[in-house]
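Participant: Each residue of the sequence shown is one higher than the one before, counting from 148 in this note's numbering.
We put the CB at the ideal spot given by N, CA and C, even for glycine.
Note that the structure is a prediction, hence the values are computed from the model and not measured.
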Amino acid sequence: MNPPAAIPSAPAAAAPPPAAFADLHLHTLFSDGTFTPEELAGHGARVGLAAMALTDHDTVEGCPRMAEACRVLGIEFVAGAELTAELDGTEIHILGYFLELENPKLQTELKKFQTVRQNRIHEMVARLNRVNIPLRAESVFALANCRSPGRPHVGRALVQAGFCSSLDEAFDRFLKKNRPAWVPKCKISAREAIALIHQAGGLAVMAHPGLNRTDDVIPIMAEQGLDGLECFHSKHTPAMSEYYMEMAGRLKLLITGGSDCHGYSKGKPLIGGVKLPGVYFQRLKERHQTQTAATPPQP
Ligand code: AMP
Ligand code: FE
Ligand code: FE
Ligand code: ZN
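#1: So, at 8 Å on beta carbons, what are the nonlocal neighbours of Leu314 in its own chain, with the 5 sequence-adjacent residues on each side left out?
#2: For Val272, which of Arg326, Thr403, Thr231 has the nearest alpha-carbon?
#3: Identify the continuous alpha helix (DSSP H) that holds Leu398 and give its terminal residues.
#4: Which complete beta strand (DSSP E) runs does the segment 326-374 hold, if anything under 3 residues is left out?
#5: Can you give the Cα-Cα distance for Leu319 and Leu275, rounded to whole angstroms?
#6: According to the neighbour-count rule (16 or more other Cβ atoms, all chains shown, within 10 Å of its Cβ), is Ile222 buried or exposed?
#7: So if DSSP puts Glu377 in a beta bridge, which residue, or which two residues, is it bridged to?
#8: Classify Ala308 as helix, strand or coil using the three-state DSSP reduction.
#9: Report buried or exposed for Pro151, applying the criterion of at least 16 other Cβ atoms within 10 angstroms of its Cβ.
#10: According to DSSP, is Ile268 part of a helix, a strand, or is it coil?
#11: With DSSP run on the structure shown, which of helix, strand or coil describes Thr237?
#12: Using the beta-carbon of each residue, find all residues closer than 7 Å to any heavy atom of ligand 4 and list them in chain order.
#13: Near Ala197, what residues of its chain come up, given a Cβ to Cβ distance below 7 Å and the 5 sequence neighbours on each side ignored?
#14: Please classify Gln436 as buried or exposed, where buried requires at least 16 neighbouring CB atoms within 10 angstroms.
#15: Can the beta-carbon of His190 be found less than 9 Å from the beta-carbon of Ile418?
#16: Could you tell me which residues DSSP puts in a beta bridge with Pro424?
#17: Look at Met213 and Leu201 and say whether their C-beta atoms are less than 9 Å apart.
#18: Kindly indicate which three-state DSSP category Phe224 falls into: helix, strand or coil?
#19: Confirm the yes/no value for this check: CB of Leu275, any heavy atom of ligand 3, distance under 8 Å.
#20: Can you name the start and end residues of the beta strand (DSSP E) that Thr290 belongs to?
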């Protein structure tokens with residue numbers, strides 16, 4: 148008897164593509180993070196990120212190195228920055244994505260913001276000296292070693308010099324709003340920040356809305372041309388993320404997310420804690436492509 152003819156096996160079902168995640172809010176030591184771009188990209192690979200955006204405060208200097216480090220690791224890279232803006236007395240952080248790094252106006256404005264930051268370090272140190280904390284500005288600049296220094300560098304210098312035992316203590320005692328060394332930052336309006344990002348070929352996204360005291364500013368910024376809302380963030384609870392996703396849908400804003408990792412600035416690095424599902428990153432890219440196609444090249 149002949150053995151029964153083998154039943155041809157059904158073709159194997161195509162394996163679903165691996166889940167692709169992005170982290171679109173990251174800092175390096177070009178601002179107040181502690182990782183080099185290469186270290187940051189390495190951590191991204193370790194936690195399985197398919198795409199990363201660098202969003203240092205008021206600088207894009209880390210982007211070329213980060214782009215190369217990501218290329219080597221097969222990670223998609225987006226050049227960005229985090230700008231400080233103001234609307235109705237509220238400080239707002241606006242993320243710019245897909246920025247043209249050599250854009251002249253962007254370069255000019257970032258330089259101005261950096262000068263303001265450097266002057267502010269001198270003012271914060273002067274205020275500390277007035278309350279008998281003899282910190283020297285030179286020690287803050289030496290520690291920061293970047294053109295875009297900020298309060299975390301002053302905090303770390305206070306810890307390093309033994310005036311505070313932790314960064315939290317430095318913020319709580321001296322650096323938080325209305326504490327003795329707090330110096331308001333000169334901010335551009337949200338409208339100006341959005342326009343600056345757009346003229347540099349980028350998309351503008353409001354960072355960590357859950358850290359603000361008011362949501363009233365969001366519809367106003369949507370009117371002003373804001374492209375997206377950072378619904379996923381290390382300091383957002385799942386309920387907050389849901390809430391902002393609903394708001395983004397209502398205001399026709401793109402949904403983004405990121406860890407806001409500053410390296411070892413405050414304990415364990417946050418990278419890997421927030422993973423934006425690839426579908427949202429895809430929509431962001433598509434919007435950028437549409438916008439680029441619609442905008443004639445600047446002379
Ligand atoms: P600045 O841009 O100089 O006003 O500093 C703002 C940055 O300080 C934020 O981006 C955070 O990285 C950091 N920051 C704010 N509050 C705290 C805090 N309580 N402890 C540690 N870092 C903080
Ligand atoms: Fe920061
Ligand atoms: Fe921020
Ligand atoms: Zn940030």
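Facilitator: Per the coordinate set shown:
#1: Non-local C-beta neighbours of Leu314 in its own chain, meaning closer than 8 Å and more than five positions away in sequence, comprise Pro299, Gly302, Arg303, Val306, Ser412, Lys413, ordered along the chain.
#2: Checked all of Arg326, Thr403, Thr231; the closest Cα to Val272 is Arg326.
#3: 385-398 is the extent of the alpha helix (DSSP H) around Leu398.
#4: 350-353, all fully within the segment 326-374.
#5: Here the sequence assigns Asp to residue 319, which means Leu is not the residue at that position. Rounded to whole angstroms, Asp319 and Leu275 show a C-alpha spacing of 14 Å.
#6: Ile222 should be labelled buried.
#7: Looking at the DSSP assignment, Glu377 forms a beta bridge with Thr403.
#8: Coil at Ala308, not helix or strand.
#9: Residue confidence is low: Pro151 scores 49 on pLDDT, short of 50, so the model does not pin down where it sits. Its coordinate-derived value is still stated next. Burial call: exposed.
#10: Helix at Ile268.
#11: Here Thr237 sits in strand by DSSP.
#12: Put simply, the residues with a CB less than 7 Å from any heavy atom of ligand 4 are His172, His174, Thr202, His204, Glu229, His240, Ala354, Asp407, in chain order.
#13: Ala167, Phe168, Ala169, Ile222, Glu223, Gly425.
#14: It is exposed - the Cβ of Gln436 has fewer than 16 other Cβ atoms within 10 Å.
#15: Annotated as proximal: His190 and Ile418, with beta-carbon spacing under 9 Å.
#16: Paired residue(s): Phe168.
#17: Taking 9 Å as the cut-off, the beta carbon of Met213 is found closer than this to the beta carbon of Leu201.
#18: Residue state, collapsed to three classes: strand.
#19: Answer for Leu275: no, Cβ out of range of ligand 3.
#20: Looking at the sequence itself, residue 290 is Leu, so the reference to Thr does not match. Under the DSSP assignment, Leu290 falls outside any beta strand (DSSP E), being part of the alpha helix (DSSP H) whose first and last residues are 284-291.
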